[in-house]
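Take the sequence shown: its position 140, counting from 1, is numbered 142 in my numbering, and each next residue is one higher. Even for Gly, the Cβ is constructed at its ideal location relative to N, Cα and C. Shown next, in structure tokens, is the structure this report addresses.
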Amino acid sequence: MRYRLGGLALAVSFLLSSCSQSEAPAPAGPAALALPVTEDGHGVLTAQSVTIKGKGDAPVAAVAMTPNWWVGSGTFKISWFAGQSQTKRFFVISNATADAPAFLKHPEEGVREVKVSFDGAALTSIHPTATKAEFPIPAGAKAVTQVQVTYGPEGAPETVTWK
């Protein structure tokens, strides 16, 4: 009888010890965008893609974008052009068909609007006329928490968001 009670006590102790182990923490979600607005900060946004559509909403090309960003002179700047030879750094065009719009020969011309949000505030918008967008940094701002680029043909652009 002693052996049975001892075995039972041992089994209960193993059972309780296995139940009391802490569980592994759940994996964290993707990190939220927080681009610091400290002077001379810089980086490259991760690739985001849009599908350019033609007649009848048929896809005519896919465009992946990786704009640069940097901070200088109290402004947050986003650029998508560094000379014609560097365009492939910012835009990767794939699956282009014969119906692809002419602006894809100079893809930097497809940027229609750029918006940013500082510290989760409302988005500020610029319709660029050049190949970069400059946003004055509000007093006390610590980070850019969202970037949107509207890209594509004038009549039907698409918006990509980094946040």
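Residue-chain proximity (residue i, chain E), Cβ-Cβ < 8 angstroms
| i | result |
| --- | --- |
| Phe-137 | As a matter of chain content, chain E is missing from the structure shown, which is built from one protein chain. |
Distance between beta carbons of residue j and residue i, contact taken as under 8 angstroms
| i | j | result |
| --- | --- | --- |
| Thr-68 | Leu-47 | 6 angstroms |
| Gly-43 | Trp-72 | 7 angstroms |
| Gln-104 | Val-116 | Rather than Gln, the amino acid found at residue 104 in this sequence is Ala. Wrong, their Cβ atoms sit about 22 angstroms apart, outside the cutoff. |
Rounded separation between residue i and residue j - CA only
| i | j | result |
| --- | --- | --- |
| Glu-94 | Val-65 | Looking at the sequence provided, one finds Val at residue 94 rather than Glu. Rounded to whole angstroms, Val-94 to Val-65 spans 6 angstroms at the Cα level. |
| Thr-53 | Ala-141 | 37 angstroms |
| Gln-164 | Lys-79 | It should be noted that the sequence gives Trp, not Gln, for residue 164. Looking at the two C-alpha atoms, the distance is approximately 15 angstroms. |
| Pro-61 | Ala-143 | 40 angstroms |
| Ala-158 | Gly-58 | 12 angstroms |
| Ala-28 | Leu-125 | Summary for Ala-28: the model assigns pLDDT 47, below 50, so the residue's position carries little reliability, and this model does not support an answer. |
| His-108 | Phe-137 | 24 angstroms |
Neighbourhood of residue i by C-beta distance below 6 angstroms, restricted to the same chain and skipping five residues each side
| i | result |
| --- | --- |
| Ser-232 | Because the chain here runs from 3 to 165, residue 232 falls outside it and cannot be looked at. |
| Thr-244 | Since the first and last residues shown for the chain are 3 and 165, residue 244 lies out of range. |
| Ala-102 | Val-62 and Ala-63 |
| Gln-50 | Met-67 and Val-162 |
| Asn-70 | Val-46 and Ser-81 |
Contact under 8 angstroms by Cβ, residue i with residue j
| i | j | result |
| --- | --- | --- |
| Thr-133 | Glu-156 | no |
| Leu-106 | Ala-100 | no |
| Phe-45 | Leu-37 | Looking at the sequence itself, residue 45 is Gly, so the reference to Phe does not match. In contact: Gly-45 and Leu-37 (Cβ atoms closer than 8 angstroms). |
| Ile-232 | Val-39 | Only positions 3 to 165 of the chain appear in the structure, and residue 232 is not among them; the question remains open. |
Residues near residue i by beta carbon distance below 8 angstroms, same chain, minus five either side
| i | result |
| --- | --- |
| Gly-74 | Glu-41 and Asp-42 |
Cβ shell of residue i (< 7 angstroms), same chain only, five flanking positions each side left out
| i | result |
| --- | --- |
| Val-113 | Trp-82, Pro-130, Val-151 and Tyr-153 |
| Thr-56 | Residue identity check: residue 56 is Gly in the sequence provided, not Thr. Closer than 7 angstroms at the Cβ level, and outside the excluded window around Gly-56, lie Val-62 and Asp-101. |
| said: Using a Cβ distance threshold of 8 angstroms, determine whether the stretch 115-130 contacts the stretch 147-154, with at least three qualifying pairs required. | reply: yes
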